[in-house]
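Report on one structure; see the data block that follows.
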Amino acid sequence: MSAFEDVRPRLFGIAYRMLGSVAEAEDVVQDAWLRWQGTDRRGVRNPAAFLTTTTTRLAINATTSAHARRETYIGPWLPEPVDTSADPALGAERAEALETAVLLLLEKLGPTERAAYVLREAFGYSYREIADVLDVSEANARQIARRAREHLDSERSAPASPAQQRRLLESFVAAARVGDLDGLERLLVDDVVVRPDGGGEVHASRVELVGTARTVTFLDNILRKYWQDSTLRIVEANGGTALLVTAADGSPQAIVTLAGSARGIERVFIQVSPSKMRRFAPAA
Numbered sequence: 001m002s003a004f005e006d007v008r009p010r011l012f013g014i015a016y017r018m019l020g021s022v023a024e025a026e027d028v029v030q031d032a033w034l035r036w037q038g039t040d041r042r043g044v045r046n047p048a049a050f051l052t053t054t055t056t057r058l059a060i061n062a063t064t065s066a067h068a069r070r071e072t073y074i075g076p077w078l079p080e081p082v083d084t085s086a087d088p089a090l091g092a093e094r095a096e097a098l099e100t101a102v103l104l105l106l107e108k109l110g111p112t113e114r115a116a117y118v119l120r121e122a123f124g125y126s127y128r129e130i131a132d133v134l135d136v137s138e139a140n141a142r143q144i145a146r147r148a149r150e151h152l153d154s155e156r157s158a159p160a161s162p163a164q165q166r167r168l169l170e171s172f173v174a175a176a177r178v179g180d181l182d183g184l185e186r187l188l189v190d191d192v193v194v195r196p197d198g199g200g201e202v203h204a205s206r207v208e209l210v211g212t213a214r215t216v217t218f219l220d221n222i223l224r225k226y227w228q229d230s231t232l233r234i235v236e237a238n239g240g241t242a243l244l245v246t247a248a249d250g251s252p253q254a255i256v257t258l259a260g261s262a263r264g265i266e267r268v269f270i271q272v273s274p275s276k277m278r279r280f281a282p283a284a
């Protein structure tokens, strides 16, 4: 029992980064637990390595069914945000592959590439260890991880530093609180993209919005219609800063995360699906 509990946070961290869903990651970890229960442990020399391999392979399998579900998802899909202030072990390794923007990019990789990237970049596994997990040669593991890294790097600008990211969010929140549309517009790059996720549970745009004009109009609309009497505060999510919008009763209405660069805010992710904000709801 203790061998499993000792590595459970890491197992969840691997599965969550692979799947972008708390529920799906928990299912994978539970399956790994069941496999562990049914294993003759006298033959297991390294329980942590065994459990990491089992969890990663289960997560690789789970990505196939998760991808199929997302093809029929209502509107744009966003990963479920996690409160890393309440669950610091999740972000205790490396912040890599925990940000919303990176989790979305991981969706574009094949399952094996995704696993290699997560193990290497988020948890610092050696290529030899990755090879053992993926059951490939060390040279092949190195190639898979490099290909994944290059694919992600080619898909995004050099990201803002955590300090720059926080300043962008603070400026965004300050402008949003007073409805300063000009201030919001100055923070955005010309080809900014807004990606809302209502999951069919609440009213939300079912397409991404591109460009400053559409973005500012969209933000103006939700600020006046939905968030006029809401509380806006900065919280920790996915190892970085996020805007939590709450109603008078404290229930979350939205979690907004930004992806910025030296140019400004490039992407705005707006999570409004109630089922994906449960970890930010007040305790009953």
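If you're matching positions, the sequence shown starts at 1 in full-length UniProt numbering and goes up one per residue.
Heads up, the beta-carbon is just placed ideally off N, CA and C, and yes, glycines get one too.
Since we're looking at a predicted model, the values are computed, not measured.
Hey, how far is the Cα of Ile-255 from the Cα of Thr-212? 20 Å
Of the residues Leu-187, Ala-163 and Arg-156, the one placed nearest Ser-171, counting alpha carbons only: Leu-187
By Cβ distance, which residues of its chain are closer than 8 Å to Val-207, with the 5 residues on each side in sequence left out? Gly-75 and Pro-76
Please report the straight-line C-alpha distance between Ala-66 and His-203, rounded to a whole angstrom. 23 Å
Taking Cβ to Cβ, would you say Leu-58 is nearer than 7 Å to Val-28? yes
Residues that DSSP places opposite Gln-271 in a beta bridge: Asp-197 and Ile-255
DSSP three-state label for Ile-74, please. coil
Report the three-state DSSP secondary structure of Ser-261 (helix, strand or coil). strand
Excluding the five sequence neighbours on either side, which residues of its own chain have a C-beta within less than 8 Å of the C-beta of Leu-168, listed in chain order? Ala-160, Leu-187, Leu-258, Gly-260, Gly-264 and Ile-265
With contact counted as at least three CB pairs below 8 Å, one residue from each stretch, are the region 114-132 and the region 80-89 in contact? no
Check whether the region 231-241 touches the region 99-113, taking contact to mean three or more Cβ pairs, one atom from each stretch, closer than 8 Å. yes
Could you check where the beta strand (DSSP E) with Val-216 kicks off and where it finishes? Segment 212-225 is the alpha helix (DSSP H) holding Val-216; no beta strand (DSSP E) there.
What residues in its chain sit with their C-beta under 7 Å from that of Met-18, if we drop five residues either side in the sequence? Ala-59, Thr-63, Arg-114, Ala-115 and Val-118
Close-in-space but distant-in-sequence residues of the same chain around Gly-20 (CB under 6 Å, 5 per side omitted): Pro-79 and Leu-103
Delimiting residues of the beta strand (DSSP E) encompassing Leu-243: 240-246
What's the gap between the Cα of Pro-282 and the Cα of Gln-228? 21 Å
Should Pro-162 go down as buried or exposed, given a rule of 16 or more other Cβ atoms within 10 Å for buried? exposed
Cut-off 7 Å between Cβ atoms - residues of its own chain near Asp-191, not counting five sequence neighbours on either side: Val-210 and Gly-211
Is Ser-273 closer than 7 Å to Gly-198 when the C-beta atoms are compared? yes
Just to confirm before moving on: does the CB-CB distance between Thr-55 and Ala-32 stay below 7 Å? yes
Limits of the alpha helix (DSSP H) - the one that Ala-281 falls within: That residue, Ala-281, is in no alpha helix (DSSP H); it is neither H nor E in DSSP.
Determine the direct distance from the alpha carbon of Val-216 to that of Val-193, and round the result to whole angstroms. 11 Å
Buried or exposed by the 16-neighbour rule on C-beta atoms within 10 Å, applied to residue 286: With the chain running from 1 to 284 in the structure shown, residue 286 is simply not present.
In chain order, what residues of the same chain lie with their CB nearer than 6 Å to the CB of Pro-47, ignoring the 5 residues before and after it? Ala-3
Span separating the alpha-carbon of Val-173 from that of Ala-139: 47 Å
Could you check the C-alpha separation between Pro-196 and Ser-205 for me, to the nearest Å? 6 Å
Note down the Cα distance separating Ala-175 from Asp-182, rounded to an integer number of angstroms. 8 Å
Mapping the DSSP letters down to three states, classify Val-235 as helix, strand or coil. strand
What does the alpha-carbon distance come out to for the pair Asp-6 and Arg-278? 26 Å
If you compare alpha carbons, which of Leu-219, Leu-105, Ser-275 and Gln-165 is closest to Arg-156? Leu-105
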